[in-house]
Amino acid sequence: MAKIKYIEFNGTEHEADVANGLSVMEGAIQNDIPGIDADCGGGMSCATCHVYINDDEWFKKLPEKEMGEDDMLDQAFEPKSNSRLSCQLIVSDDLDGLTVHMPEKQV
Amino acid sequence: MIKTDVVIIGAGPTGLFCAHQLGIIGLKCEIVDNLDKIGGQCIELYPDKPIYDIPAVPECTGEELTNNLIEQIKPFNFNFHLSDRVQELKNENDKWLVKTLNGKEFETPNVVIAGGVGSFEPRKFPTKSAEKYDGKSVLYSIKDKTIFKDKSVVIFGGGDSALDWAIELSNSSKVTLVHRRDEFRGAPASVQKIKELSDNKTINLITKYSIKDVKGNGSLESVEIKSETGESKVIKADYVLGFFGLIMQLGPIAEWGLNLDKKTIPVNTKNFETNKKGIFAIGDICTYPGKLKLILSGFHEGALAARGCFKYARPDEKYRFEFTTASNTIKDRLGVKE
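One line per chain: the protein sequences are A and B, in this order. When the first sequence is numbered by numbering that gives the first Met the number 0, its final residue is 106 and no position is left out of the sequence of numbers. When the second sequence is numbered by numbering that gives the first Met the number 0, its final residue is 337 and no position is left out of the sequence of numbers.
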């Protein structure tokens, strides 16, 4: 279990306890947190669960991107070097306290 | 005006199998899809990815599934209207008048929405200022490449479309290619070619930059780009091209009064009709208690929606349930001989 903080572009904060094994994206969808669309349902086939990890320490601590994630991020709305696809961030105790920022929009 | 029993919106697996079921029960349909090819998400998002949960098919790719579905509905000779989008639904005398973006018109008692998560549209630049030039000098696809001759063209993107056009246009235009990172996702041969063209100064390659603003006075004059560390550059541009792949937009469907719930359409599970008589929704776009976004669920929904369509298309006939194994009528429709 990890407490994940989701911050919308307008600054609205949401916190959710997300079970281990779920993705950060699923944590948002299951808790009705707006700002993450996840059109493809977690298949790394779209780029609508895009988040920023603004804390550099956290960004480095996350599991490395698999092949293909950066390719999908190229197609996201305003990707930056601290961008991740939240469907690829699998929750474990290690992620307790993670904060993700949502972009202005997903599509 | 094309008169038909059913208009299907969306040529993904769900729409295709619904068409099959309509053919089996003797109805005609017309299929409209915004993409230039048949197959929906299966062909656009994951043509090469294996799917493991199609009943009785242990493994197949999105492309194989699509090809098999196309093969399965071949006997019915249904028309596809590709690269087109249904814009308007209007009810008139118990019929639906359906208008598309390209000006096609259908008259039908039934519309089946099998639109997935919406239609695929190119992702556009996030900059507001680019909207003014959209379709004129800010483009997301190329119809006529001769307009770029001897012009300054700034291309954004790192996939095959961006690389291929950068290579192609470098023959007759002054090309700048801008990408947000050093790695490209295009074919290795194209990446190699881009590097060569950059080394010999045929194209101007700028990485780790993205668009900031487009500037002009009536006509486009330049594009400003920014790096994440805050530097910016201004590049002269007659045309700006963006190739960031496709995104899915619900589009006009949102305006048809279908009581949308989080981009999905509520339906009953008897025949997948929506709150409007003669409008059905199946596949990923529909919602009901227990809904699963699986292709196999879309097949089931399509089969039931087809029977729902029968009632309005043949109001004076009684629908008769038949098996494909036993029915000579169905075998005739399929063109198979005993």
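Using N, Cα and C, we set each Cβ at its ideal position, and we do this for glycine too. Computed from a predicted model, the values in this text were never measured in an experiment.
Report yes if the C-beta distance between residue i and residue j is below 7 Å; otherwise report no.
i	j	result
G244 of chain B	Q74 of chain A	yes
V152 of chain B	S171 of chain B	no
S82 of chain A	L94 of chain A	no
I30 of chain B	I7 of chain B	yes
A165 of chain B	V174 of chain B	yes
N270 of chain B	L219 of chain B	no
V17 of chain A	I28 of chain A	no
T145 of chain B	S169 of chain B	no
I224 of chain B	V177 of chain B	yes
V90 of chain A	N19 of chain A	yes
D212 of chain B	T126 of chain B	yes
I35 of chain A	C48 of chain A	yes
Y318 of chain B	G277 of chain B	no
D70 of chain A	R179 of chain B	no
M101 of chain A	E7 of chain A	yes
I264 of chain B	A280 of chain B	yes
G115 of chain B	Q40 of chain B	yes
S80 of chain A	E182 of chain B	no
Using alpha carbons as the reference points, say which of the options lies closest to residue i.
i	options	result
F210 of chain B	B:V85, B:P54, B:G217 and B:S221	The sequence shown places Ile at residue 210 of chain B, not Phe. Closest option to I210 of chain B, Cα to Cα, is B:S221.
L84 of chain A	A:K59, A:K60, A:L94 and A:I52	A:I52
D283 of chain B	B:A165, B:L168, B:Y311 and B:I112	B:I112
K150 of chain B	B:K232, B:A129, B:C41 and B:S136	B:S136
H80 of chain B	B:P108, B:L64, B:G307 and B:G38	B:G38
L259 of chain B	B:G229, B:Y287, B:K235 and B:V233	B:Y287
L249 of chain B	B:D143, B:D32 and B:I329	B:D32
D83 of chain B	B:N109, B:T60, B:K94 and B:D35	B:D35
D55 of chain A	A:V99, A:E103, A:N9 and A:K104	A:V99
E68 of chain A	A:G96, A:N9 and A:G42	A:G42
N78 of chain B	B:E62, B:K2, B:D47 and B:N67	B:K2
G9 of chain B	B:M247, B:P314, B:V335 and B:K192	B:M247
T60 of chain B	B:I294, B:I72 and B:K275	B:I294
L138 of chain B	B:A236, B:I264 and B:P57	B:A236
E25 of chain A	A:M66, A:E103, A:E77 and A:Q87	A:Q87
N66 of chain B	B:G157, B:I42 and B:V335	B:I42
K148 of chain B	B:D159, B:E167 and B:D133	B:E167
L100 of chain B	B:L88, B:N267 and B:Q71	B:L88
T268 of chain B	B:I141, B:T324, B:I193 and B:S296	B:S296
Name the chain B residues whose beta carbon is nearer than 7 Å to that of residue i?
i	result
V50 of chain A	Residues of chain B passing the Cβ test: none, with the nearest at roughly 16 Å.
Q74 of chain A	R122, F243 and G244
D38 of chain A	V116 and M247
K79 of chain A	E227
According to DSSP, residue i sits in a beta bridge with which residue or residues?
i	result
K232 of chain B	B:I224
M247 of chain B	B:F119
T206 of chain B	B:H178
Quick one: list the residues of chain A neighbouring residue i, beta-carbon separation under 7 Å, in chain order.
i	result
P125 of chain B	F76 and E77
Mind pulling the chain A residues with CB within less than 9 Å of residue i?
i	result
G158 of chain B	D70, D73 and Q74
Going along chain B, which residues have a C-beta under 8 Å from residue i?
i	result
G42 of chain A	L44, Y45 and K48
C86 of chain A	Going along chain B, no residue has its Cβ under 8 Å from C86 of chain A, so there is no contact; the nearest lies around 13 Å.
Taking Cβ-Cβ distances shorter than 9 Å, what residues in chain B pair up with residue i?
i	result
V90 of chain A	Per Cβ cutoff of 9 Å: no residues; V90 of chain A is ~22 Å from chain B at best.
>> Taking beta-carbon pairs under 8 Å, can you tell me which members of the segment 219-237 of chain B lie near chain D?
In response: Looking at the structure shown, chain D is missing, and the protein chains on hand are A and B.
>> Can you pull out the residues from the segment 8-24 of chain A whose beta carbon lies closer than 7 Å to at least one beta carbon of chain B?
In response: none
>> Please list, in chain order, the residues of the segment 179-206 of chain B that have any C-beta partner in chain A closer than 8 Å.
In response: Correct list: R179, R180, E182 and R184.
>> Residues of the segment 28-49 of chain B in Cβ contact with chain A at a cutoff of 7 Å, in chain order, please.
In response: L44 and Y45
>> Output needed in chain order: residues of the segment 279-297 of chain B with a Cβ under 9 Å from some Cβ in chain A.
In response: Those residues of the segment 279-297 of chain B that come within reach of chain A (Cβ to Cβ, closer than 9 Å) are D283 and K292.
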